[in-house]
Amino acid sequence: MRLRNAWVGYAVAIALAASVAACGGGNKEASNTSAEPGGGAAAAGGGQKVDTATAGEVKGTVTVDGAVPKNEPIKMNADPVCMQENKTPQFQETYEVGSDGKSLGNVFVYVKDGLGNYVYDTPTEPAKIDQKDCRYHPHVFGIRVGQPLEIVNSDPTLHNIHAMPKANQEFNNGQPIQGMKMTHTFTAKEVMVPFKCDVHGWMNAYVGVLDHPYFAVTDANGAFDIKTLPPGTYTIEAWHEKLGTTTQSVTIGPKETKEITFTFKAPAGATATN
Amino acid sequence: MLHKYSRFVVACTVLLILAGSFVTSTDSGLSVPDWPTTYGQNMFTFPYSKMVGGIFYEHGHRLIASTVGVLTIGLAAWLWVADSRRWMRWFGIAALGAIVAQGLLGGLTVLFFLPPAVSTAHAGLAEIFFCITVAIAIFTSPGWIAGYPSTTSGRPNDVGADDATLRTFATLTTLAIYTQILIGATMRHTGAGLAIPDFPWMFGHLVPDHWSAKIAIHFAHRVGALVVTLAIVSTSVFVWRRHGDRMELTRPATLILFLVGVQVMLGAFTVLSKRDVWINSLHVVCGALVLTTSLVITLRAYRVMFANRSAEPSRSAIDDGARAFRRAPAGGRA
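The listed protein sequences derive, respectively, from chains B and Z.
Going letter by letter, the first sequence gives residues 1 to 274 in the numbering used here.
Going letter by letter, the second sequence gives residues 275 to 608 in the numbering used here.
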């Protein structure tokens, strides 16, 4: 009886070990495609299309009042490939301040309210985010609901791309091989969806997902330009990953161009930027 | 030999807990997005050269966990074959069940993006598994099987202290420590580790002057530390005053005082260092050691109640026990 019990015990143990060992073996050449249920083309509202003949424009700059903190230095020694690709000291991209010390890049500016029920064609051309030199390119960008997002790994090392939305579905996909691509489609508007790479803790990016095309990201000079905006009164919001948000109300007439400036307050006690 | 093997499993489990705590401390829990595969590959053939960044911690944790799993299969099988105590054989199976469930929880928490409830359950079950391995090491020890030496009774193989108050003290202390660890795990997995950023004050006060869910969890962990420290000191003092002649009790009672002192300091420096990876991880490991040291006192306080059951230990266990006593007739063991 004891002997039989022993054999039963060994059989269970071997079966467990075999089942664990048998797991795995995925195809490392395969590219990933991820789309949410119910995804696809999505148009906002059910009204008329924008008349481009009467459309105006909102442009301007984003500045910061005061000295912002220095960007955190990045230690890439956790991955020899990243070290190889970045031979100079590396810093986070939190504050991209222009040479004038005031203009602020990487700010997402968008129409938050006031568009009514216009309808827009959803772009079929994918937006793109690339993992290159152990960074996300771009760091801040916008995309439309239903528009495909192409995620590429251009690095000869492993990355995982981990999106942490609140209104959309969270996803976390590995891209172990250089050149791998996957696409993802967001199904709900959300400002902003953070991305991170859990392998390389310094890698982060933000995407604004909107159901209309009226958004822009400030360049290194803090400039932005939102075009083909129909006449009306709008709430425009500027979003920064650390400094938060600020809004302005803007009214534009037919073919009118309005210039506005957003100014963020620098955090108290901050020192000069890199 | 079985006892030595069980101690080896205990040591490996400590290493596993350290590896697991590094995963959370370095925020690497999702650096391997798939499970049980690793970036689509069989986890056992995943090359070391690709274990970069967070993958080193997460994949390393999986490999160590798999090793402990295999060791536990061996432990359960060995107990099943060699131990005549029926409850002990099933206890080995319980250890196996716990490590399998622990592996599944670990996989689930990755696949569902680290939900705090699942991650906290993973941390809680880790402590239970560690307790089971320590208990197996105690139950297979020569002291447990052949009896502990007593200077009072003069017998080399006494059944142990028969003290209901000690049993109550020790049990409550162990339960308090486990509860405190669960609160700590909740704090860790809800990102509340620095919800109160100063120490020993809380926002410059004795009690926080404002509240949120995270601050409440963090505050509960600090209050819990106070309660647990008092409970441990009380139990240790009780052991030394009432059972100062029983080395199987006084040794862990002294050790736990040292460990809880270290643990409080590690907790303080975790906050002051803004969650330094090493300090934070050692705080988790030291907490597990405090728990299992208290468990050792508790189990030995209950040893007398196993007197009749242990009258029929396994042949090999008796031999092990007898050999141990022959080597050191007056010393405490295990």
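Where is the CB? At the ideal position from N, CA and C, for every residue including glycine.
Since this is a predicted model, take the numbers as computed values, not measurements.
- DSSP places Z/Trp361 within a helical segment (H, G or I) once states are collapsed to three.
- Out of Z/Val326, Z/Ala409, Z/Val545, Z/Gly421, the CA that lies nearest to the CA of Z/Met476 is found in Z/Val545.
- For Z/Lys278, the closest Cβ of chain B is not nearer than 8 Å.
- Distances from the alpha-carbon of Z/Lys324 to those of B/Ala220, B/Gly174, B/Thr124 put B/Gly174 closest.
- B/Thr185 has its alpha-carbon roughly 12 Å from the corresponding atom of B/Glu125.
- With its beta carbon at least 8 Å from every one in chain B, Z/Pro482 lies outside the interface.
- Of all residues in the region 146-170 of chain B, only Thr157, Leu158, Asn160, His162, Glu170 come within less than 7 Å of chain Z when Cβ atoms are compared, listed by chain position.
- At a C-beta separation below 9 Å, Z/Pro307 has these neighbours in chain B: Asn160, Ile161, His162, Phe171, Asn172, Asn173, Gly174, Asp198.
- For B/Val145 and B/Val107, the gap between their C-alpha atoms comes out near 20 Å.
- Assignment of B/Met76 by DSSP, reduced to helix, strand and coil, places it in the coil class.
- Within 10 angstroms of the beta-carbon of Z/His333 lie 16 or more other beta-carbons, which makes it buried.
- C-alpha of Z/Ala505 to C-alpha of Z/Leu399: approximately 23 Å in a straight line.
- At a C-beta separation below 9 Å, Z/Tyr322 has no neighbours in chain B, since its nearest C-beta there lies roughly 12 Å away.
- The beta-bridge partner set that DSSP reports for B/Glu241 is empty.
- For B/Asp79, the neighbours in chain Z by C-beta distance under 7 Å run, in chain order, Val326, Gly327.
- Identification of residues in the region 195-227 of chain B having a C-beta nearer than 7 Å to some C-beta of chain Z yields Asp198, Val199, His200, Gly201, given in sequence order.
- Considered as a whole, the region 167-222 of chain B harbours 171-175, 181-185, 190-196, 204-210, 215-217 as its complete beta strand (DSSP E) runs of no fewer than 3 residues, in chain order.
- The beta carbon of Z/Leu290 does not come within 8 Å of any beta carbon belonging to chain B, so the residue lies off that interface.
- Not one beta carbon of chain B lies nearer than 8 Å to the beta carbon of Z/Tyr576.
- Beta-bridge annotation (DSSP): B/Phe141 is paired with B/Val207.
- The region 288-365 of chain Z contains, as complete alpha helix (DSSP H) runs of 4+ residues, the segments 328-356 (chain order).
- Taking 8 Å as the threshold, the shortest C-beta distance from Z/Ser302 to chain B falls below it.
- At a cut-off of 8 Å between beta-carbon atoms, Z/Tyr452 makes no contact with chain B.
- Secondary structure note for B/Lys128: its beta strand (DSSP E) is the uninterrupted segment 127-132.
- Taking a contact to require three or more Cβ pairs closer than 8 Å, the region 85-94 of chain B and the region 207-220 of chain B do not qualify as touching.
- Residue state for Z/Tyr279 is assigned as helix, using DSSP reduced to three classes.
- B/Asp133 and B/Val109 have their C-alpha atoms spaced approximately 27 Å apart.
- B/Thr263 is positioned such that its CB atom lies closer than 8 Å to that of B/Asp65.
- Z/Gly478 counts as exposed, since fewer than 16 other C-beta atoms from the protein chains shown sit within 10 angstroms of its C-beta.
- For Z/Asp437, same chain residues with a beta-carbon under 8 Å away, outside a window of 5 residues either side, are Arg516, His517, Ala575 in chain order.
- Here B/Asn153 is bridged, per DSSP, to B/Gln131.
- For Z/Gly458, there are no C-beta contacts with chain B under 8 Å, since the nearest C-beta of that chain is about 23 Å from it.
- By the rule that beta-carbons nearer than 8 Å mark a contact, Z/Tyr422 does not touch chain B.
- Taking 8 Å as the cut-off, the beta carbon of Z/Val392 is found no closer than this to the beta carbon of Z/Trp309.
- As the crow flies, the alpha-carbon of Z/Phe443 is around 6 Å from that of Z/Thr509.
- Membership of B/Tyr110 in the beta strand (DSSP E) is indicated by the continuous run 108-113.
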